[in-house]
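Novice: Under full-length UniProt numbering, think of the first position of the sequence shown as 1, with each following residue one higher.
Sharing a structure below in structure tokens format, with a few things to ask.
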Amino acid sequence: MDYKTLYSKSIEEPELFWKKESQKLAWSVYPEQILKQNENGYYSWFVDGKINISRLALEENIKAGRGEQDALIYDSPVTGIVEKITYNELLEKVSRFAGGLKSLGLSKGDTAIIYMPMIPEAIVAMLACARIGVIHSVVFGGFASPELAIRIDDAQPDVIISASYGVEINRQINYKPLIDEAIELTLYKPKNIIIFERPNNTDDLSADNVHTYDEMYQHQPVEPIEVPSTHPLYILYTSGTTSTPKGVVRDTGGYATALNSTMKYFYDLEPGDTILTASDIGWVVGHSYIVYAPLIYGVTTVIYEGKPIKTPDAGAFWRMVEEHKIKNIFTAPTAIRAIRKEDPEGKLFNKYDTSSLKRLFLAGERCDTSTYYWLKEISKLPVIDHWWQTESGWPMLGICAGVENIMPEPGAAGLPVFGYNIKIVNEEGQENGLRDEGSIVIKLPLPPGCMTSLWRNEHRFIKGYFQQVPDHYLTGDGGYKDENGFVFITGRTDDIINVAGHRLSTATMEELVSSHPDITECAVVGIKDELKGQIPIGLIVTKENASKSEDEIEKDLVALLRKEIGGIACFKTSIVVNRLPKTRSGKILRKTLSQIADGASFTIPSTIDDPTVLDELIHEFTRRNIGLAFVSPQV
């Protein structure tokens, strides 16, 4: 079927559409009640079905003859290790580790925190938890102890599963001391800790409640237990979480159904293909498209412990394509901008045999057209931008490449994906006309695989997402639709600034700023102004071989925004910086930038990739006399 027909069926007959999709999985009890409205007005999928996602990812692939196929390829340029693990080998590790968890008293409904670097043992832990019904919460390894402590107190895990250390560029982060410090800070004390011992570790494992992976692997393998479809698979704390945790809860059966459907419909993959998803577990992209979707569908998934650049160079992705015969790459625009900055002519792409690569998928933040065209030019491949959130768990907008290649104009995030009835509304909740910018909302019921609640906070779940526009999910993002139904994301609704009474999108300004030939990356933020309320400033990262000076670039940008937006934009200042502050998933911390410039108290987000970037920015703001008096951050 074509996209339009399939999409219409998913909106008009959602129960029939998703029943057919659920039947592509091996349930122990196939669901008969496909959709149920709960007392709080929200919905649940497949409530009477029973399933186990670890069994889907392991035993079912082995039954299908894929036992000797690689399930995982671990590629770690920071340690020099490349390791391949078959589905048979992964089953052995997971089932024995699950036996180890049972020996520690864990069972269905208990919780575990997984605090790990990007190594295969992290995936083993996730699947082992799912195998026995333990709800896992992955916290990216290396998060500061106070932030880990917040998550421990919220998730209340019976066990923390970790490794000796993580490896970053030119540094090693020891995890055990961070865990010990976090537990000192918590009210809730986990009963046990499990550590994967990496080479040359300095871990203190002397306590009676500290165990090792080697110890776990000595236990007898255990069979998967079948859980209700609605059983929580994991808790995932959203990026930007600070002092008040917001743990998104994901179910099991609905999530498995949705992910399985996307592998063919959206990403155009077949069992046996290889995908590189250059993200981390601990972020929703990692959960969905490094771990669960590929393994449920029988795809080989690459676990990459490295960076897009400097491990060792900007050809890291393309080297892996050649070595592992990768069909799809899924990464963030930030990674591509970093590669472009290091290799502007794409020479490293041409150094490798990339003939296996068919498509490049971008998500995590809005992709500017300059980056889109550069990647398309060097690769000569389809570049598909798409949009989704931690809350959705899988794509909401994009191009369903396995159904029909309908490519939008650059800058659009695509068409609504099956099951998502997406609308653009004004402040009164009324639907906007074409190209009128507003808030993006999605009519209930959301399709399977979306969040089912917030951990231990149903009130906040309903109030925060569903009360502002009744019977709709409020995404918190703004955008508009064009005449062909394509949706353009203009940024978070709080990225709209008010300049002398005019509501202006910083995303639109960023699109213009990034078009300058000497600029590789930018952020436009609003800062307070006594006369106009707010005014925009641009923070820019220039190319190594920029043809113009900082003053000349600023003059170009002022003229460009005056021409394209008008004098109402009041864009007068751009600041050249070495780096922009980002989360580990690549999102620019625009709110924090505004707070710094305004002299407001700000909390360094727990998800920040490198806090030292903020010191550099404060120095530049001070040097340029930008903003108000600075205050110390709340750490």
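Ideal Cβ placement from N, Cα and C applies to all residues, glycine included.
Quick check on S632: does DSSP put it in helix, strand or coil?
Specialist: In this predicted model, S632 has a pLDDT of only 42, less than 50, meaning its place in the structure is not dependable enough to derive any value.
Novice: Pick helix, strand or coil for H619, following the three-state DSSP scheme.
Specialist: Helix, per DSSP.
Novice: In this structure, what does DSSP give as the bridge partners for C522?
Specialist: I540
Novice: Under the DSSP definition of a beta bridge, which residues are partnered with K344?
Specialist: One point to set straight first is that residue 344 is Pro, not Lys, in the sequence displayed. In the DSSP output, where bridge partners are listed per residue, P344 has none listed.
Novice: Just how far apart, CA to CA, sit I193 and I114?
Specialist: 10 Å
Novice: Where does V325 sit, in a helix, a strand or coil, going by DSSP?
Specialist: The sequence shown places Lys at residue 325, rather than the Val named in the question. Of the three classes helix, strand and coil, the one that applies to K325 here is coil, per DSSP.
Novice: Looking only at C-alpha atoms, which of Y237, A57 and K50 sits nearest to residue 647?
Specialist: Shown here, the chain extends from 1 to 635; a query on residue 647 therefore has no answer.
Novice: From L56 to P221, what does the alpha carbon distance come to, in whole angstroms?
Specialist: 17 Å
Novice: Is the CB-CB distance between V441 and L474 below 8 Å?
Specialist: yes
Novice: Which residue's Cα is closest to the Cα of R96: Q595, Y217, L276 and L397?
Specialist: Y217
Novice: From S243 to L580, what distance separates their C-alpha atoms?
Specialist: Any answer about S243 is weak, because its pLDDT of 49 lies below 50 and its placement is not dependable; what the coordinates show is given next. S243 and L580: Cα-Cα distance of roughly 23 Å.
Novice: With a Cβ-Cβ cutoff of 8 Å, do L178 and S145 count as a contact?
Specialist: yes
Novice: Name the DSSP bridge partner or partners of V487?
Specialist: G414 and K481
Novice: Measuring alpha carbon to alpha carbon, tell me which of K341, F361, I326 and I378 ends up nearest N350.
Specialist: When only C-alpha atoms are compared, the closest one is I378.
Novice: Assign P445 to one of two classes, buried (16 or more other C-beta atoms within 10 Å of its C-beta) or exposed (fewer than that).
Specialist: buried
Novice: Between M118, K563 and L295, which lies nearest to Y74 when the distance is taken from Cα to Cα?
Specialist: Taking only the C-alpha atoms, the option nearest Y74 is M118.
Novice: DSSP puts P228 in a beta bridge; with which residues?
Specialist: K50
Novice: Would you kindly report the start and end of the unbroken beta strand (DSSP E) that includes R250?
Specialist: Start and end: G247 to R250.
Novice: Based on DSSP bridge pairs, tell me the residues matched to E83.
Specialist: Y74
Novice: Is the beta carbon of K325 closer than 8 Å to that of T262?
Specialist: no
Novice: By DSSP, does Q595 sit in helix, in strand, or in coil?
Specialist: helix
Novice: In angstroms with no decimal places, state the Cα-to-Cα distance between E323 and T493.
Specialist: 42 Å
Novice: Using only the alpha-carbon positions, how far apart do D436 and Y480 sit?
Specialist: 6 Å
Novice: For the alpha helix (DSSP H) containing L127, list its first residue and its last residue.
Specialist: P120 to R131
Novice: Please report the Cβ distance between I336 and T369, rounded to the nearest whole angstrom; I am assuming they are in contact, meaning their Cβ atoms lie under 8 Å.
Specialist: The pair is not a contact, with the Cβ atoms about 13 Å apart (cut-off 8 Å).
Novice: If you drop the 5 nearest sequence neighbours on each side, which residues of the same chain put their C-beta closer than 7 Å to that of V425?
Specialist: E431, N432, G438, S439, V441 and V469, listed in sequence order.
Novice: Please report the straight-line C-alpha distance between S10 and Y213, rounded to a whole angstrom.
Specialist: Taking the CA atoms as reference points, S10 sits about 44 Å from Y213.
Novice: Can you tell me which of the three DSSP states I626 falls into?
Specialist: I626: coil per DSSP, three-state reduction.
Novice: Tell me the residue span of the alpha helix (DSSP H) that contains V558.
Specialist: E550 to E564
Novice: One question on the structure: do L148 and A125 come within less than 8 Å of each other, judged by their Cβ atoms?
Specialist: Against a cut-off of 8 Å, the Cβ pair of A125 and L148 comes out as no contact.
Novice: Distance, Cα to Cα, Q23 vs G282?
Specialist: 29 Å
Novice: Identify the residues that DSSP records as bridge partners of M116: which are they?
Specialist: F140
Novice: How would you call P605, buried or exposed, if buried means at least 16 neighbouring beta carbons within 10 angstroms?
Specialist: With 16 or more neighbouring CB atoms inside 10 Å of its own CB, P605 falls in the buried class.
Novice: How is G240 classed by DSSP in three states: helix, strand or coil?
Specialist: Reliability of the predicted coordinates at G240 is poor, the pLDDT of 43 falling under 50, and the value obtained from them is presented with this limitation in mind. Note: G240 maps to coil in three-state DSSP.
Novice: Report the three-state DSSP secondary structure of T612 (helix, strand or coil).
Specialist: helix
Novice: Could you round the C-beta distance between L357 and I329 to whole angstroms and report it? I think they count as a contact, below 8 Å.
Specialist: About 7 Å separates the Cβ atoms of L357 and I329, confirming a contact at the 8 Å cut-off.
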